[in-house]
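Engineer: This is the structure I have questions about; it appears just below.
Here it is in structure tokens:
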């Protein structure tokens, strides 16, 4: 047995060395499979803007809203005030991060126009700066290393771009880090500007292991963080006056699988059992403003990563915060009052026993966009997940919610929906079910936010390397779209008329 274990460890070491070598390989397009499928379905869109005033707001310590994180902003709105591709003579290009596997999960944009993101391999997370036009990597820095075992969705996968163009993230070394992109003699490089240790603060809560998922500043500049084991904590911007609490209610430990949402009224966290609002008091204490348990059902649903809500909280302006629950039968959109946690609505979506949401809701005006992820198991999933996309509006008087439309023909297994207020399109990353089950044809897809109707689909590639597997859609300031895929990154832009 010792010999087997030794050989296994040596094999992992050789794999890690090989992976490091592959990182230095010349850039190449992501290899696609057979292209015996339609390259384009539908027609180019005409802009039909959302007329209701945007409900988003600018965080004082983060880069401009829409450009600072996987979910666009501190509210986790997943919406943009500018337009994305209309589907006019679309141009597709790809760049592979590794020969074997490497997903560039989220893209942000700094004030100099560089694209900033993280790329994930089975061995860790790499911070990457790119030229958004050519996708050329300008600088890279490994920030977290791990062994290819267990579930490791932490350690820098979520990150935020702050108001000084620094990358804010937490590592598996139990520290908050701030990285700056610098240039010397024409070459770019990543420079660690600050590291705030969290071990003592985390240990004060007692719950282990400490795998930090996300870190975000509040409106006063304090850094808040959450761990998978259900610890919520904060430290001052200078790293002092830290505090943490374990979400252990009546002897039952709650876990956290999603990022934080932050607004002027507090810091919002969804656990495996309940929705929370926190703030820091004037005396520096961590205060639980309210807790509301939701219906977590009797078991995890097919296609979820954990037992409980799969959504990052989404702030709807300064009034509401929304998630989905994990109720048996039909899953529900839950909308709460930000002030006191009053339930505004509990609204069912998708067919009974065939619906769940493992992604953040998108918010535009009073509308919430939800995507069905039921049945999605992973990159080689055959068949893929159940179809479903829904728009639910909060009533103007705040007395409840209503379904505006539900499209049960579109299958978007794991990409968070993104909405453009400027052209009225919802962007998805879909798999075409009309093709052979083993073909894995993937499309960048646009849906009308007003009606739920399909507008167009453009083929990005075939094969499992084109599966995004929770990689995010990002829309750059010039309207170009980017999708993180298992093979690297896809770029989608409109061509000439």
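Numbering (this note's numbering), first residue to last: 25 to 521. Ideal placement from N, C-alpha and C gives every residue a C-beta, glycine not left out.
Quick one: grab the DSSP three-state call for residue 227.
Structural biologist: Helix at residue 227.
Engineer: According to DSSP, is residue 488 helix, strand or coil?
Structural biologist: It is helical.
Engineer: Using only CA atoms, which one of 76, 398, 279 lies nearest to residue 389?
Structural biologist: The option with the nearest alpha carbon to residue 389 is 76.
Engineer: With DSSP collapsed to three states, give me the class of residue 11.
Structural biologist: The question about residue 11 has no answer here: the residues shown for the chain are numbered 25 through 521.
Engineer: Label residue 490 either buried or exposed according to how many other C-beta atoms from any shown protein chain fall within 10 Å of its C-beta, with 16 as the threshold for buried.
Structural biologist: With 16 or more other Cβ atoms within 10 Å, it is buried.
Engineer: Going by Cα to Cα distance, which pick from 345, 493, 429 is closest to residue 100?
Structural biologist: Here the closest residue by C-alpha is 345.
Engineer: Quick one: any contact between the stretch 274-283 and the stretch 111-128, if contact means 3 or more CB pairs under 8 Å?
Structural biologist: Judged by Cβ distances under 8 Å, the stretch 274-283 makes no contact with the stretch 111-128, as fewer than three pairs qualify.
Engineer: Let me know the secondary structure DSSP gives residue 502 once reduced to three states.
Structural biologist: The answer is coil: DSSP assigns residue 502 none of H, G, I, E or B.
Engineer: Of the choices 519, 449, 132, 281, whose alpha-carbon is the least far from that of residue 186?
Structural biologist: Out of 519, 449, 132, 281, 132 has the C-alpha closest to the C-alpha of residue 186.
Engineer: Rounded to a whole number of angstroms, what is the C-alpha to C-alpha distance between residue 395 and residue 431?
Structural biologist: One C-alpha to the other measures close to 10 Å.
Engineer: Just confirm the distance between the C-beta atoms of residue 318 and residue 237, as a whole number of angstroms; I'd bet it's less than 8 Å.
Structural biologist: At roughly 19 Å, the Cβ-Cβ gap does not stay under 8 Å, so residue 318 and residue 237 are not in contact.
Engineer: Residues bridged to residue 466 by DSSP?
Structural biologist: DSSP output for residue 466 lists 455, 485 as bridge partner(s).
Engineer: Once you ignore the five residues that flank residue 404 on each side, which residues in its own chain have a CB closer than 7 Å to its CB?
Structural biologist: Excluding residues within five positions, the ones whose Cβ falls inside 7 Å are 488.
Engineer: Would residue 269 pass as a contact of residue 312 if the rule is Cβ separation under 9 Å?
Structural biologist: Cβ atoms of residue 269 and residue 312: closer than 9 Å.
Engineer: In chain order, what residues of the same chain lie with their CB nearer than 7 Å to the CB of residue 21, ignoring the 5 residues before and after it?
Structural biologist: No information on residue 21 is available, as it lies outside the stretch 25 to 521 that the chain covers here.
Engineer: Just to confirm, is the Cβ distance from residue 512 to residue 126 under 9 Å?
Structural biologist: Yes; because the gap between Cβ atoms is below 9 Å, this pair is in contact.
Engineer: Counting Cβ pairs closer than 8 Å, one from the stretch 63-82 and one from the stretch 464-482, do we hit at least three?
Structural biologist: Touching, yes.
Engineer: Could you tell me which of 90, 289, 63 sits nearest to residue 364, measuring between CA atoms?
Structural biologist: Ranking the options by Cα distance to residue 364, first place goes to 289.
Engineer: Whole beta strand (DSSP E) runs in the stretch 175-252 with 3 or more residues, listed along the chain?
Structural biologist: As far as the stretch 175-252 is concerned, its whole beta strand (DSSP E) runs of at least 3 residues are 191-195, 199-208, 211-221, 236-241, 247-251.
Engineer: Is residue 321 helix, strand or coil by DSSP?
Structural biologist: If DSSP states are grouped into helix, strand and coil, residue 321 belongs with coil.
Engineer: Counting only the same chain and skipping the five closest in sequence on each side, list residues whose C-beta sits under 7 Å from that of residue 454.
Structural biologist: If we look at residue 454 and ignore the five residues flanking it on each side, its Cβ neighbours are 434, 435, 436, 467, 469, 481.
Engineer: Given residue 121, which residues of its chain have a CB within under 6 Å of its CB, disregarding the five upstream and five downstream residues?
Structural biologist: Cβ neighbours of residue 121 beyond the five flanking positions: 128, 143, 512.
Engineer: Who are the Cβ neighbours of residue 519 in its own chain at under 7 Å, not counting the five residues just before and after it?
Structural biologist: Correct list, in chain order: 112, 113, 114, 115.
Engineer: For residue 230, which residues in the same chain have their Cβ closer than 7 Å to its Cβ, ignoring the five residues on either side in sequence?
Structural biologist: Closer than 7 Å at Cβ, skipping near neighbours: 270.
Engineer: Straight-line CA distance for residue 382 to residue 456?
Structural biologist: Using only the alpha carbons, I get a separation of about 20 Å.
Engineer: How long is the line joining the alpha carbons of residue 374 and residue 506, rounded to whole angstroms?
Structural biologist: If you take the alpha carbons of residue 374 and residue 506, they lie about 28 Å apart.
Engineer: Nearest to residue 458 by CA position, among 408, 355, 360, is which residue?
Structural biologist: Closest by alpha carbon: 408.
Engineer: Helix, strand or coil for residue 162? Go by DSSP, reduced to three states.
Structural biologist: Note: residue 162 maps to strand in three-state DSSP.
Engineer: Less than 8 Å separating the Cβ of residue 341 from some heavy atom of the ligand ADP?
Structural biologist: Ligands displayed in this structure: none; no statement on the ligand ADP is therefore possible.
Engineer: Taking the beta carbon of residue 278 as the centre, do at least 16 other beta carbons fall within 10 Å, making it buried, or is it exposed?
Structural biologist: By the neighbour-count rule (16 or more Cβ atoms within 10 Å), residue 278 is buried.
Engineer: Skipping 5 residues on each side, what residues in its chain have a beta carbon closer than 7 Å to that of residue 508?
Structural biologist: Cβ neighbours of residue 508 beyond the five flanking positions: 127, 128, 129, 130, 492, 495, 496.
Engineer: Who are the near neighbours of residue 341 in its chain, counting only those whose CB is closer than 7 Å to its CB and skipping five residues on each side?
Structural biologist: 79, listed in sequence order.
Engineer: When we look at the beta-carbon of residue 295 and count the other beta-carbons within 10 Å, is it buried (16 or more) or exposed?
Structural biologist: Residue 295 is buried by the Cβ-count criterion.
Engineer: Would the beta-carbon of residue 361 fall within 9 Å of that of residue 368?
Structural biologist: For residue 361 and residue 368, yes; Cβs fall inside 9 Å.
Engineer: What does a CB cutoff of less than 6 Å around residue 200 pick up in its chain, not counting 5 residues either side in sequence?
Structural biologist: The answer, listed in chain order, is 194, 220, 239, 247.
Engineer: Short check: CB of residue 391 to CB of residue 416, under 9 Å?
Structural biologist: In this structure, residue 416 lies closer than 9 Å to residue 391 by Cβ.
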